[in-house]
Amino acid sequence: MTSEQARGATERGRLVRLGFADADQAFDAMAVLSARGFFGAEDALEQSWLEALAGAANPDLALWSLMEIALAGSAERSVELGTSITTALGLRLVAVLGASRALGEHLARHVDQVDALAESLTGITFDHRRTRLLVAVGADATSVVPQSSLPVRAGHHALRIEYRRQLLQIAAADIAENASMPWVGEQLADLASAALEAGLAIARAQVPDAHTCRLAVIGMGKTGGHELNYISDVDVIFVAEPAPDVDEQEALRVGTALATALIKACGEVNAEGSLWEVDAALRPEGKSGALVRTLASHVAYYERWASTWEFQALLKARWVAGDHELGLAYMAQIAPKVWAASSRKDFVPDVRAMRKRVEANIPAHQADRQLKLGPGGLRDVEFSVQLLQLVHGRDDFRLRSTSTLSALEALSTYGFVGREDAAELDRAYQFLRRLEHRIQLVDLRRTHVVPDDQVQLRSLGRSMGFTKDPANELVAAWRGHQREVRRLHEKLFYRPLLDAVVRLEPGYARLTLEAAQARLEALGFLDPVGALRHIEVLTSGISRRATVQKALLPVMLSWFADSPDPDTGLFAFRQVSDALGNTPWYLRLLRDEGAAAERMAKVLGSSAYAADLLLRAPEATVMFGDED
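Using the working numbering, the first residue of the sequence shown is number 278, and each one after it goes up by one.
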């Protein structure tokens, strides 16, 4: 063996020890970089790069992509980039290249965008993103109705390049700096909204008489909820109104042309790929319905024809692009109908049936590895939170949030979900979403399936922070969260209290004093003034006990009313609550454990003797949670 061969063998051994799987490929890539002057004349610089690369999710991928970027730029640029390892730019670059093959390929095509990794995203706003994208497509960002000045194909090309630049920055903050999942989802949603605005500017340049139509784009799903994925369909609804002195049908024709051109601007595949599919299938009548409708037409549809699932889909709706005033008018008209939807006949069974249909349609070969749709997946959390929101949010405005995690926090804060249950769901949801993001980042491909390949799992595990046995640690953590999510979904989603709450008349929880007395009298309470006094004691203050009992009492009053002696039942309930109200298991029992609250109400209102026995040993209320 020659001395050169010996040095090569030694170097390959070092690369293996650092974690490179293909030592020969890594050795060749390092040689190319060295020949480009990437490491300068200092061994310390080369060692710094190797140590950084060794910490990447996939060291081999990161090194190979780094070599391609160095080859794509000038020799001078290669030398300059080599010195960046001591800066935020270099560390972010390594992190991105190790996690995303697609972003590495993008940077090799657009080497100038490497410098974007040096920019801080602290304080970045939607307006900043919107301005950058509009300027990129040659539009005036200060215009109320911006229009691209570029030829259509050039506009599409410019839109994709600037979008990827901003996506690259978000990914770098996510991977290199462990940015929070809610922040990442919010930034991706803002970026999508800004891209829709730029796409609409391109569309206006294509469509004659574009000024005759006011067009608003309403974001749905994760776009509307400010919790978007890296690669996801962007669900929208289009609303149009004629400009002054313009015929409505003409405005709808123009609006349809604008919407069609916008969909193409974002979704058409060219040399730079596409952004994502703009999906308008959630519109009234679905794909068979008109792509664009007036506000009055939308309102009429939701008043007369909409199904339960359509109101659930509107829960996260918000204006995202186009005519802002029209978008706000749409929300003002539609939002009240969303929050009244739980009063519809069979609302709760319909939502539960929808969740079962989603599970039933999962391809058999994916069922066990589905992050999104399968049992214990993201949809279990989302459906649970949305059902609780829609049922209790009808009368409680504090629950009317569009994002899953902020809604879950509100449900916990105001007593509709136990603190420990909410904390576990929050942890699980953030873990599952982060894993989903990492899977999608590799090839910037829309997928929600966890791979079963050990090499891929190892890289994913490392990107999620697992270091000892990344693949197995990742799978164990995922399966653990999956089990907890399914358990809590079944506990919350099938809670009997939900069926009882939706049977109450809307506004029942917000009656005036006089109306409340009249309602209690109508329910059969002989002393409505005394009953109100008990209710006030049970619900006064801001303690968790009072909050939970505020949620329970409207339903329990109807159960007391079905008993022989509602007044005695309510008074006994107050006494039991005084004795046990600060006991965590008691509140959980009433809120979460099957039909415990209903059984307790009926017993207390049916027998003074049973009530007296229970008051002597209040802890015996635990028996009401026993299904046997």
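Backbone N, C-alpha and C define an ideal beta-carbon position, used for all residues, glycine too.
| Asked | Found |
| --- | --- |
| Distance between Arg710 and Ala475 (C-alpha atoms, nearest Å) | 27 Å |
| Nearest-angstrom Cβ-Cβ length linking Val597 and Thr500, presumed shorter than 8 Å | 6 Å |
| Assigned secondary structure, Arg910 (DSSP; H/G/I helix, E/B strand, else coil) | No statement about residue 910 is possible, as the shown extent of the chain runs from 278 to 905 and does not include it. |
| Ranges of the alpha helix (DSSP H) found wholly within the stretch 456-532, counting only runs of at least 4 | 458-483, 498-501 |
| Arg595 in three-state terms, based on DSSP | strand |
| Touch test, the stretch 368-378 against the stretch 339-348, Cβ-Cβ under 8 Å, three pairs minimum | yes |
| DSSP-derived helix/strand/coil call for Arg570 | strand |
| From Arg491, Glu549, Ala448, residue whose alpha carbon lies closest to that of Asp522 | Arg491 |
| Beta-bridge partners of Asn547, as assigned by DSSP | Gly550 |
| Short Cβ contact (8 Å threshold) for Val516 with Tyr607 | yes |
| Buried/exposed call for Gln443, threshold 16 Cβ in 10 Å | buried |
| Buried or exposed (CB count within 10 angstroms, at least 16 for buried), Tyr886 | exposed |
| 8 Å contact criterion, which Leu829 and Leu867 should meet: CB distance rounded | 6 Å |
| Contiguous alpha helix (DSSP H) assignments of at least 4 residues, all confined to the stretch 369-447 | 378-386, 403-413 |
| Opening and closing residue of the alpha helix (DSSP H) in which Ile611 lies | 601-616 |
| Under the three-state DSSP convention, the category Val752 falls into | helix |
| Candidates Arg430, Asp486, Leu368: closest to Leu529 by CA position | Asp486 |
| Three-way DSSP call (helix, strand, coil) for Val635 in this model | helix |
| Distance between Arg675 and Phe802 (C-alpha atoms, nearest Å) | 30 Å |
| Assigned secondary structure, Gln643 (DSSP; H/G/I helix, E/B strand, else coil) | coil |
| Opposing strand residues paired with Val899 [DSSP bridges] | According to DSSP, which records beta bridges pairwise, Val899 is partnered with nothing at all. |
| C-alpha distance - Phe660 paired with Leu394, whole-angstrom precision | 37 Å |
| Own chain, CB closer than 8 Å to Asp301, minus 5 neighbours either side, in chain order | Arg289 |
| Inter-stretch contact (C-beta, 8 Å, three-pair minimum) for the stretch 452-472 and the stretch 505-514 | yes |
| For Val555, the residue or residues it bridges with in DSSP | Val511 |
| Boundaries (first-last residue) of the alpha helix (DSSP H) holding Thr724 | Premise fails: Thr724 is in no alpha helix (DSSP H) and is neither H nor E. |
| Reference Gly563, options Gly550, Trp586, Ala542, Cys543, closest by Cα | Trp586 |
| Given 8 Å, three or more beta-carbon pairs between the stretch 564-578 and the stretch 449-464 | no |
| Cβ-Cβ separation, Gly882 to Pro841 (assumed contact under 8 Å), whole Å | 7 Å |
| Classification of Asp730 by the beta-carbon crowding that lies within 10 angstroms, buried from 16 upward | exposed |
| Endpoints, alpha helix (DSSP H) assigned at Ala705 | 696-720 |
| Selection from Pro652, Ala349, Met877, Leu358 that minimises the alpha carbon distance to Ala637 | Pro652 |
| Unbroken alpha helix (DSSP H) run spanning Thr279, endpoints | That residue, Thr279, is in no alpha helix (DSSP H); it is neither H nor E in DSSP. |
| Limits of the unbroken alpha helix (DSSP H) element including Ala684 | 681-690 |
| First through last residue of the alpha helix (DSSP H) which encompasses Ser311 | 300-312 |
| Residue range of the alpha helix (DSSP H) that includes Gly359 | 352-359 |
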